[in-house]
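As given, the protein sequences belong to chains D and B, one line each in that order. Letter by letter, the first sequence follows residues 12 to 448 of my numbering. Letter by letter, the second sequence follows residues 26 to 455 of my numbering. For reference, the structure discussed in these notes is given below.
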Amino acid sequence: MAQVYSEGKSFIFTFFSKVVGLDVVDDNGNLVGRVYDILAVTTEVYPKAFELLINQGFFNPRYAYISWFSIAEINQQVRLKINGKNLKFTKLKELKAEISLRRDILDQQVVDTFNRRVVRVNDLHLLKVGTDLMVAHIDIGMRGLMRRLNFDKFIDFVISIFVRESPYLKKENFISWKNVQILSVNPASHSLKVGVPAHQFSNIHPADLQEIIKDLDPKEKLTLFKALDLETKSKVLADIDIETQKFLIHGMDIQELAKIIATMPSDEATDFLFQLSKETVNQLLNIIETSRAKKLSTLLGYASDTAGGLMTAEYIAVPETTLVSDVLKKVIESNLTSEAIYYIYIVDEKNHFVGRTTLKRVLAANSNEPVNKTALPKSAVVHLDDNVKEVAFLMEKYRLFALPVIDNERVLQGIITIDDILEQLLALVWRRWRHKR
Amino acid sequence: MMIFLNNSLPWSGEDGVIKDKMKRTIGKRFLIFLAIMGPGIITANVDNDAGGITTYSICGAHFGYAMLWLFIPILIALIIIQEMNSRMGVITGKGLADLMREEFGLKITFYSMLVLFVANLGNTIAEFAGIAAVAELSGVPRIIVIPICAIFVWWLVLKGTYATVEKIFLGACLFYIAYILSGLIARPDWQNIGYHFIKPEIKFNKPYLFMMIGLVGTTIAPWMQFYQQASVAEKGIKLRHYKYARWDTIIGGFVVNIIAIFIVITCAETLFKNGIHIETAKDAALALKPIAGRYCFVLFSFGLLNASLFAASILPISTAYTICEAMGWENGINKSLRDAPHFYALYATMIIISGAIILLPNVPLIPVMLISQVANGILLPFVLIIMLTLVNNKKIMGSHTNSTVNNIISILVVVFMVLLSIFYLFTIIK
Chain D
12 MAQVYSEGKS
22 FIFTFFSKVV
32 GLDVVDDNGN
42 LVGRVYDILA
52 VTTEVYPKAF
62 ELLINQGFFN
72 PRYAYISWFS
82 IAEINQQVRL
92 KINGKNLKFT
102 KLKELKAEIS
112 LRRDILDQQV
122 VDTFNRRVVR
132 VNDLHLLKVG
142 TDLMVAHIDI
152 GMRGLMRRLN
162 FDKFIDFVIS
172 IFVRESPYLK
182 KENFISWKNV
192 QILSVNPASH
202 SLKVGVPAHQ
212 FSNIHPADLQ
222 EIIKDLDPKE
232 KLTLFKALDL
242 ETKSKVLADI
252 DIETQKFLIH
262 GMDIQELAKI
272 IATMPSDEAT
282 DFLFQLSKET
292 VNQLLNIIET
302 SRAKKLSTLL
312 GYASDTAGGL
322 MTAEYIAVPE
332 TTLVSDVLKK
342 VIESNLTSEA
352 IYYIYIVDEK
362 NHFVGRTTLK
372 RVLAANSNEP
382 VNKTALPKSA
392 VVHLDDNVKE
402 VAFLMEKYRL
412 FALPVIDNER
422 VLQGIITIDD
432 ILEQLLALVW
442 RRWRHKR
Chain B
26 MMIFLNNSLP
36 WSGEDGVIKD
46 KMKRTIGKRF
56 LIFLAIMGPG
66 IITANVDNDA
76 GGITTYSICG
86 AHFGYAMLWL
96 FIPILIALII
106 IQEMNSRMGV
116 ITGKGLADLM
126 REEFGLKITF
136 YSMLVLFVAN
146 LGNTIAEFAG
156 IAAVAELSGV
166 PRIIVIPICA
176 IFVWWLVLKG
186 TYATVEKIFL
196 GACLFYIAYI
206 LSGLIARPDW
216 QNIGYHFIKP
226 EIKFNKPYLF
236 MMIGLVGTTI
246 APWMQFYQQA
256 SVAEKGIKLR
266 HYKYARWDTI
276 IGGFVVNIIA
286 IFIVITCAET
296 LFKNGIHIET
306 AKDAALALKP
316 IAGRYCFVLF
326 SFGLLNASLF
336 AASILPISTA
346 YTICEAMGWE
356 NGINKSLRDA
366 PHFYALYATM
376 IIISGAIILL
386 PNVPLIPVML
396 ISQVANGILL
406 PFVLIIMLTL
416 VNNKKIMGSH
426 TNSTVNNIIS
436 ILVVVFMVLL
446 SIFYLFTIIK
């Protein structure tokens, strides 16, 4: 038989759509089939091709899996090192952990973690090093679409006639693989085929992550959510809309849910628990450690638009006689947000509210002074049943980040931080605005 | 959707740890149904558009009650097909175009979308023609009515949210009662009607067969499958509420057929008995005036206006939505023009072309309609076969693939529809 392969131009970059359908010839140059798919592993940053899937026959197609080591050359055609007789043609196998470029990436939705959105893949941009192929970018652009439809040359030609410097010809709409998270699921383990690397989603703000999750279909929503770490899960759950929240925790193990709630700040945890049935809440409170469960069940008793319902139980309160050095120690040991540690509340032995001081004043004070020496002369407080507007009014008037909440006997119950009030007010403004429309 | 929020026990499910143990009362179930209903009923009613009303009028005027029996198999086929779409929408949360792209690749999807665009553009032109016909019936020049309606359609869909638009559409469905009233005014012979329902009658002459094919073709069109599945997915109906979505589809099927039957009755009782031949719905309305009286004429015309406007609002947005979904372009009415340029371009193109063609003098409408019908006829078999493949794919549908009985019926329906479409194409091309 004649040698059918020719020495064409070699390339560095190519597209998956250009590789699919290439002739595959064996060591004697006999045509054995055409490229159908590429299977890749993700042990490195870029998925690396490790198996070539070729097919022959149109009406009853048969497929052969060829190890990448058996490939001699990829150019205008794929040349193998082995003989065609050694190839075993079978039916298509169900894929397990490996990634199929054709079935798992091409035409599927993936998450663009850089621009925080969900996109559909039109083509894959491959990098060739020797005979190795790696996925470098995904193509989400119009040109990718045209290439898949084999209109690319024609459209390029037409556009170049009219607009020589058209951005269509110059700019490719690519996303680097580093910023891509695929969503296909390993049928054996029911988890994402490509594990979510910690860095992938940790630099995305939870609010953006929520937007991404909302854009996905139910199955993908759940898989992506399950793949997140506990802390990210809790952040996402904390203020996503109620319907999605319910959907995400549906079927979740109650132990895990308890762990997630344990990592939430107590005011968010309360809001979250408000959405659940009494039965579930009781179950959860039984699992969560006692002191925290007690806090949460108290908070749950208050209506959500009163000071009691808005407050959080995470704050720093110290007895009047505590030394400044001990106060600082307490601040450092605490694991609270900056709004919550800026004020230090002073209470008597029965937890009655006495006054407050600020972190700045404590830092400036002598370390062996008692803390009540640094106390501010006057302090605004709110009662458990005061409403959102009163709280907001006081905060604005006295320019405070946080307000203490007391009961009728002046016992300190919790604090309200400015972010929670802002959230409430925004919701109010938003409602009015929608109403006006 | 508020109903779910007030329901203090949010989840139930086969695999869930947390289960809904409260029994729902009938009242509560009805409220949930009210929240779920929409996609099925709206899709079915849009089907009774200007083209549909014309076909049913001609059917009644030329063949009397002879074809009433055909509405029973049409009803079954419609419900079977749309139920599959509704189920796929609930289970996958994806539109049909999405699934098509993911499972069958870009090429098949792209060409399907191209054909769908042509078919739906033709349909939209027909809706605007319907509006123009009513304008002429009431003596208002079309040059005034068409731009107003085009702007109304644009404004309604772009300024509303999905929920408000759905409510307006459901309201428009109520106006189809006009046809029931006009049917009643015509004083139908109920005994005779009942007889024709149970006794199928097939005449093997060309006009009769043409009419049969036209009747089926106008009731089951490809855009419906894309639209219903996408709106079920968009609405985010949950699996535990699926039975309500099924009722939505079934009720929609019944409503659309009852309206169609009443149109046939109106024309059969009046035009057929007097041997009047008509070409369009406008002819039908005009011919009704001296025979059935002014009220019947007004109701019939009003019904035509409502149906045309309703369909003209849905077809362009549904087309833009489906195509963007398939191509992976940003879409949806909550996106800005900058974020979703393709979506708005497609939407505007459909409305502007349709309105302009109707405003241009002497544009021959019959070839336009024929192209649209051919496009529909080519696309329907493809869509149905693709749907059957998808709905039986375990990877996509899990345990909710078709049951054996369901499959046998749906395969029969699909085979029948495919044969009919091919036959229809031949008759049109000849």
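Note that beta-carbon positions come from the ideal geometry of N, C-alpha and C, so glycine has one too.
{"query": "Can you give me the C-alpha to C-alpha distance between His136 (chain D) and Asn73 (chain B), rounded to a whole angstrom?", "result": "47 angstroms"}
{"query": "With a Cβ-Cβ cutoff of 8 angstroms, do Arg128 (chain D) and Gln120 (chain D) count as a contact?", "result": "no"}
{"query": "Measuring straight from C-alpha to C-alpha, what distance separates Met8 (chain D) and Arg303 (chain D)?", "result": "Within the shown structure, residues of chain D are numbered from 12 to 448, placing residue 8 (chain D) beyond reach of any answer."}
{"query": "Helix, strand or coil for Met412 (chain B), going by three-state DSSP, please let me know.", "result": "helix"}
{"query": "Just the chain B side, please: which residues come within less than 8 angstroms of Gln119 (chain D) by C-beta, in chain order?", "result": "Glu127"}
{"query": "Measure from the C-beta of Thr117 (chain B) to each C-beta in chain D and report whether the shortest distance is under 8 angstroms.", "result": "yes"}
{"query": "Considering only heavy atoms of the ligand SAM, does any lie closer than 7 angstroms to the CB of Tyr179 (chain D)?", "result": "Of the ligands one can find in the structure shown there are none, so the ligand SAM has no counterpart to examine."}
{"query": "Roughly how many whole angstroms lie between the Cα atoms of Leu144 (chain D) and Lys59 (chain D)?", "result": "6 angstroms"}
{"query": "Checking 8 angstroms against the spacing of the C-beta atoms, do Ser333 (chain B) and Asn148 (chain B) come in under that value?", "result": "no"}
{"query": "Alpha carbon to alpha carbon, how far is Tyr179 (chain D) from Ser155 (chain D)? Give it in angstroms, no decimals.", "result": "A small correction: the amino acid at residue 155 (chain D) is Gly; Ser does not occupy that position in the sequence shown. So the alpha carbons of these two residues sit roughly 11 angstroms apart."}
{"query": "Enumerated in chain order, which unbroken segments of the beta strand (DSSP E) with a length of 3 residues or greater are wholly contained in the stretch 123-170 of chain D?", "result": "128-131, 134-140 and 143-150"}
{"query": "Report the neighbours of Leu131 (chain B) on chain D: residues whose CB is nearer than 8 angstroms to its CB, in chain order.", "result": "Asp118, Asn133, Leu156, Arg159 and Leu160"}
{"query": "Can you confirm whether Phe251 (chain B), when its beta carbon is compared against all beta carbons of chain D, has any partner nearer than 8 angstroms?", "result": "no"}
{"query": "Any idea what DSSP makes of Asp359 (chain D), helix, strand or coil?", "result": "coil"}
{"query": "Roughly how many angstroms lie between the CA atoms of Pro315 (chain B) and Met92 (chain B), to the nearest whole one?", "result": "25 angstroms"}
{"query": "Count the other CB atoms within 10 Å of the CB of Lys244 (chain D); is the residue buried (16 or more) or exposed (fewer)?", "result": "buried"}
{"query": "Chain D partners of Phe407 (chain B), CB-CB under 8 angstroms?", "result": "Simply none; closest approach about 17 angstroms."}
{"query": "How many Å lie between Met47 (chain B) and Ser288 (chain D) at the Cα?", "result": "Summary for Met47 (chain B): the model assigns pLDDT 44, below 50, so the residue's position carries little reliability; its value from the coordinates is reported in the next sentence. Approximately 11 angstroms between the Cα atoms of the pair."}
{"query": "Could you tell me the alpha carbon to alpha carbon distance between Lys164 (chain D) and Lys181 (chain D), rounded to whole angstroms?", "result": "14 angstroms"}
{"query": "Helix, strand or coil, according to DSSP, for Lys59 (chain D) in the structure here?", "result": "strand"}
{"query": "Just reading off the alpha helix (DSSP H) that Thr274 (chain D) is part of, what are its end residues?", "result": "Ile265 to Thr274"}
{"query": "Using only alpha-carbon positions, find the residue among D:Ile151, D:Pro415 and D:Lys408 that is nearest to Asp396 (chain D).", "result": "D:Pro415"}
{"query": "Can you give me the start and stop residues for the beta strand (DSSP E) that Val329 (chain D) sits inside?", "result": "Ala328 to Pro330"}
{"query": "Apart from the five residues on each side of it in sequence, which residues of its chain come closer than 6 angstroms, Cβ to Cβ, to Asn94 (chain D)?", "result": "Asp37 and Asp38"}
{"query": "Excluding the 5 residues preceding and the 5 following His148 (chain D) in the sequence, name in chain order all residues of the same chain whose CB lies nearer than 7 angstroms to its CB.", "result": "His136, Phe185, Ile186, Ser187 and Trp188"}
{"query": "Starting from the C-beta of Val280 (chain B), find all residues in its chain whose C-beta is less than 8 angstroms away, skip the five residues before and the five after it, and write them out in chain order.", "result": "Ile66, Ala69, Asn70, Cys198 and Tyr201"}
{"query": "Indicate the three-state DSSP secondary structure (helix, strand or coil) for Ile299 (chain D) in the structure shown.", "result": "coil"}
{"query": "Counting pairs of beta carbons, one from the stretch 389-403 of chain B and one from the stretch 94-102 of chain B, are three or more of them closer than 8 angstroms?", "result": "no"}
{"query": "Have a look at D:Val329, D:Leu321 and D:Ser345 and flag the residue whose alpha-carbon is nearest the alpha-carbon of Val399 (chain D).", "result": "D:Leu321"}
{"query": "Assign Ala293 (chain B) to one of three DSSP states: helix, strand, or coil.", "result": "helix"}
{"query": "From D:Tyr326, D:Leu50 and D:Thr323, pick the residue whose C-alpha is nearest to that of Glu105 (chain D); which is it?", "result": "D:Leu50"}
{"query": "Between the C-alpha atoms of Leu445 (chain B) and Lys360 (chain B), what's the straight-line distance to the nearest angstrom?", "result": "40 angstroms"}
{"query": "State the DSSP-derived secondary structure class of Tyr449 (chain B), mapped to helix, strand or coil.", "result": "helix"}
{"query": "Within the same chain, show all residues whose beta-carbon is closer than 8 angstroms to that of Ile298 (chain D), passing over the 5 residues directly before and after it, in chain order.", "result": "Ile265, Gln266 and Ala269"}
{"query": "Could you please tell me which residues of the stretch 254-283 of chain B, in chain order, have their CB closer than 9 angstroms to any CB of chain D?", "result": "Ala258, Gly261, Lys263 and Leu264"}
{"query": "Could you check how far apart the C-beta atoms of Ile342 (chain B) and Tyr372 (chain B) are, in whole angstroms? I think they sit under 8 angstroms.", "result": "6 angstroms"}
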